[in-house]
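Taking it in order: structure first as structure tokens, then the write-up.
Residue numbers (our numbering): 219 to 1261.
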């Protein structure tokens, strides 16, 4: 076949695969926002705002273009989601062409020419590999939501495909190196999406290296690999960071020393770079050295691609409602790019979890932070960082520190997951801990960081996935499975004994390990036939997989599964799946009597793998009718009175709300205050200005200089410092919030202290603010409460004269001060709410948990005291208001059995079920039986137990039906719950003891006991010999365990 015909078919077939992928993703794409970061990315795209570091300006710019084609604001999220869908399908297009390139090299490796059967095998390899990746679990997940990972995959795919184009053109095209300049530009552009594409640099470098050095030995390969890592480091840690550092230093020089206007140093830096590039290219021309010129062009195109970040600076200066980190100038942009907000972590060398500070020099200094002062017309030091950073004793600094975090929850998990001797007190605080050895660190690296945080994800995609519930070493959640009972049952218990709600989970997908086996076959064949290409693809696989594991140094456990970060390595493995067609073709063509049929027979068998993948994965990846994030956000906002303040805490109770306000313009009168961000000065500044036309700014009684970063980040409870500074004991009793605020604003020596060691003050240590009293009073203006309608007139007697509370703990973070100041000066003018998901402990509500009223999916802060009855329910229920809210909430598709809700969507469902149950019980206590029935029926209609299984959040619904006297419905639900628990117990009994069998059995039996006692109590109250429908079964289980 002529080369031109081969090329045409290759192109046409690639576009056909693209069309299949496009149909897949467009048909299953989310119609609106999803949970996690999607709401933020969509909002910052539609209105070109500033999202979290290190930013995604190119994604936002392209997303903004897509959003312009939306019919109305409710369709803009769908438009941005389509950007991800198309980015993903184009990734598949370039993957197909990459596979056919590599397959053609393989099949012609031994010489000969292309013939029909070889061409069929080549194109078959492209089809199989591309479709396997199209329908793989993790990639499909990112393809149907408005997040950056789909577009990041696109840049990775195009960059690697481009180097294959260079490889083909190098020997015949004098201008082949233009492909390398294009790659540099793509890398620069990709920084405006996600830096994951950097990991394609080493394999791209090796393609070039091998082309330049065709006779490379193993030693040469090792040298080339090392050089490729240096190139990666230069781009990632030198070019852009050094550039921004230069911009910053020149900015300070020009503004502070030469007294020029703001950004003059930045403008000069741009001209300096342009001048240096021009000079360099002129020198290259004089010396007739095109490689220097091309190198300069490559660096320039990286910087041109990176210039999308200018948009963030421009929009930050415009004061957009979402303006995270406020990167208005070169200095703040460097911190933004370096993700300073999130801190740093050790990678190859650093501290262990139990590290102690150096006894002689416990603190070290850092680089000062500058901010621009409009008043002074120059940059001033906001945080000098003099002796503020802990300096650890060298004996606690080790090579390859994997067990490193000293956070309480991480140390608890280190104790559970490693053999390191760790002693904790009753509250989980570290008492004494053994310093982990290299063997301990490496074992944790293999078992948790590689095994749990990477290999498990890899096997999800090519072997099978148990379900989408986050795995924390449970036998029934988040494991990989093969679908072969002999292999699965030995690890995870008899899979046939699993309860129906586990066994029938749409996210339970089995591939029988066929894609995995095919990928290994393709890898082995490529390694055998073409060691250099295998080395390149192997590097690509390792850098997009294990290298991320090493760099991120994951702590146990992450807030969510992180499989999306490793999609690059799954992409590479799909190349090997494709090459397995060539391997199988080569193996069987001599065994067939009609060798011309070898390629067709091979493809016919192997194509089964991707077809099975799409058949398994479609139902749980189809988000086309999923509106849960949008509708939950609306319910949060509708739970608040007009012009209110709503405290939130995490991604999923903040970003969807940002989306609703910024994109759909819904309830912009409510000011959302994210408590995690409230520890930062830039966020406090943003809250002080109106986000929308509703004038919803928040007033704080702090000047900017009093909460500037590095100032009052933490204020410590230290009555001893008071006694030493004032020569008398700390005040006894309570302080008003006014007194506390007045105290913490002071800066004199009497209001600060330095850490001490052995009773002696450490000279070179941070100066810390403190407070001497941790029991507080908030005086209540009763008339203001009534005038604002916070409490109805008929409940005025319940209003307390003052709120008294013990803060507890040993410190006040900046957010604590801001919340207390806000509440104090608000004086009931604006309603203040906490979302029900800010936390489960009293400290999550700043220990004001006794003064809350549930009005929907938010607690309102009220001056009425309600004793905490235990559990995670706080305050009392405003039944009238909450009834109105609960009965008016709409959750589109929630009860449709054909609309799948993954774990992230099910969590708010369980929360909703508990909320409806709590309202019903409150109505029953008020004698409102009919209203209670309406609420209970509404809950079971919205969240049927046939779709959302029973759990502890279901108990109030069951109890409610008994409470209204509907024993038939109560018995029906209790019996169904017991049926589920019977199945669970039978399954758990089959587990081995090292799978935490007793823990699961205990948890199930506690729930069984609760529903038995509930139903037994109801039937005893009913009388007439009425008995619980589950008493006999429960007693049998009890006898079994007691026996």
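Backbone N, C-alpha and C define an ideal beta-carbon position, used for all residues, glycine too.
How far does the alpha helix (DSSP H) with residue i in it reach, from first residue to last?
| i | result |
| --- | --- |
| residue 790 | 785-806 |
| residue 448 | 436-451 |
| residue 535 | 527-535 |
| residue 991 | Run containing residue 991: none; DSSP gives neither H nor E here. |
| residue 739 | 732-747 |
| residue 1024 | Segment 1020-1024 is the beta strand (DSSP E) holding residue 1024; no alpha helix (DSSP H) there. |
| residue 1215 | 1215-1240 |
| residue 1186 | 1185-1207 |
| residue 938 | 937-944 |
| residue 1033 | 1032-1044 |
| residue 1066 | Here residue 1066 belongs to no alpha helix (DSSP H), and DSSP marks it neither H nor E. |
Tell me which residue opens and which closes the beta strand (DSSP E) that residue i is part of.
| i | result |
| --- | --- |
| residue 589 | 587-591 |
| residue 1052 | 1050-1053 |
| residue 428 | Residue 428 -> not in any beta strand (DSSP E); alpha helix (DSSP H) instead, spanning 419-430. |
| residue 999 | No beta strand (DSSP E) holds residue 999; DSSP gives it neither H nor E. |
| residue 726 | Segment: none, residue 726 is in no beta strand (DSSP E) and carries neither H nor E. |
| residue 601 | 596-601 |
| residue 409 | No beta strand (DSSP E) holds residue 409; the alpha helix (DSSP H) holding it covers 396-409. |
| residue 664 | Premise fails: residue 664 is in no beta strand (DSSP E) and is neither H nor E. |
| residue 616 | 615-617 |
What does the alpha-carbon distance come out to for the pair residue i and residue j?
| i | j | result |
| --- | --- | --- |
| residue 988 | residue 537 | 33 Å |
| residue 570 | residue 965 | 35 Å |
| residue 165 | residue 916 | Nothing about residue 165 can be read from this structure; the chain reaches only from 219 to 1261. |
| residue 479 | residue 493 | 22 Å |
| residue 373 | residue 1046 | 52 Å |
| residue 1012 | residue 1031 | 38 Å |
| residue 677 | residue 731 | 8 Å |
| residue 302 | residue 698 | 27 Å |
| residue 1146 | residue 853 | 24 Å |
| residue 1062 | residue 398 | 53 Å |
| residue 818 | residue 295 | 43 Å |
| residue 627 | residue 832 | 39 Å |
| residue 442 | residue 679 | 31 Å |
| residue 1107 | residue 1133 | 12 Å |
| residue 575 | residue 554 | 28 Å |
| residue 844 | residue 781 | 21 Å |
| residue 1094 | residue 890 | 23 Å |
| residue 601 | residue 971 | 18 Å |
| residue 1058 | residue 1090 | 5 Å |
| residue 772 | residue 622 | 10 Å |
| residue 756 | residue 1257 | 57 Å |
State the CB to CB distance for the pair residue i and residue j, rounded to an integer number of angstroms; the pair is presumed to be in contact (CB under 8 Å).
| i | j | result |
| --- | --- | --- |
| residue 1191 | residue 1255 | At roughly 19 Å, the Cβ-Cβ gap does not stay under 8 Å, so residue 1191 and residue 1255 are not in contact. |
| residue 1070 | residue 1080 | 7 Å |
| residue 1139 | residue 1177 | 7 Å |
| residue 927 | residue 463 | Between residue 463 and residue 927 the Cβ distance is about 19 Å, and since that is not below 8 Å, they are no contact. |
| residue 266 | residue 529 | 7 Å |
| residue 1033 | residue 896 | 4 Å |
| residue 248 | residue 411 | Actually they do not touch by this definition, with Cβ atoms about 19 Å apart. |
| residue 968 | residue 944 | 6 Å |
> Along the chain, which unbroken stretches of the alpha helix (DSSP H) at least 4 residues long are found entirely within the segment 673-706?
Replying inline: Within the segment 673-706, the complete alpha helix (DSSP H) runs of at least 4 residues are 674-680.
>> Under 8 Å: do the segment 315-322 and the segment 283-296 share three or more Cβ pairs, one atom per stretch?
In response: Fewer than three beta-carbon pairs drawn from the segment 315-322 and the segment 283-296 are found closer than 8 Å, and the two stretches are therefore not classed as touching.
> For the 8 Å Cβ check, are there 3 or more pairs between the segment 1175-1188 and the segment 1217-1224?
Replying inline: No, they do not touch.
>> To test your reading of the DSSP string, which unbroken alpha helix (DSSP H) runs of 4 or more residues are found completely within the segment 620-661?
In response: List check, alpha helix (DSSP H) in window: 626-635.
>> Under 8 Å, with one C-beta from each stretch per pair, do the segment 816-831 and the segment 752-770 reach the 3-pair mark?
In response: Proximity of the segment 816-831 to the segment 752-770 falls short of the contact definition, fewer than three beta-carbon pairs being nearer than 8 Å.
>> Quick check for students: name the residue ranges of the alpha helix (DSSP H) that lie wholly in the segment 304-387, counting only runs of 4 or more.
In response: Here the runs fully enclosed are 334-352, 355-361 and 367-387.
> Counting Cβ pairs closer than 8 Å, one from the segment 516-530 and one from the segment 224-238, do we hit at least three?
Replying inline: Not touching, per the Cβ criterion.
> Contact between the segment 400-419 and the segment 366-384: three or more CB pairs below 8 Å?
Replying inline: As far as the Cβ criterion goes, the segment 400-419 touches the segment 366-384, which means the pair count is three or higher.
> Counting only runs that start and end within the segment 515-585, where is the beta strand (DSSP E) found for 3 or more residues in a row?
Replying inline: Counting only runs of 3 or more, we get 567-569.
> Within the chosen definition, does the segment 1117-1125 reach the segment 1141-1155 through at least 3 CB pairs nearer than 8 Å?
Replying inline: Segments in contact, no.
> Are there three or more Cβ pairs, one per stretch, closer than 8 Å when the segment 438-449 is compared with the segment 404-412?
Replying inline: Fewer than three Cβ pairs drawn from the segment 438-449 and the segment 404-412 lie within less than 8 Å of each other, which leaves the two stretches out of contact.
> Which full runs of the beta strand (DSSP E) of 3+ residues lie inside the segment 827-904, going along the chain?
Replying inline: Fully enclosed beta strand (DSSP E) runs of 3 or longer: 863-866 and 889-892.
>> Counting beta carbon pairs with one atom in the segment 1193-1201 and one in the segment 710-720, are three or more of them shorter than 8 Å?
In response: A contact exists between the segment 710-720 and the segment 1193-1201.
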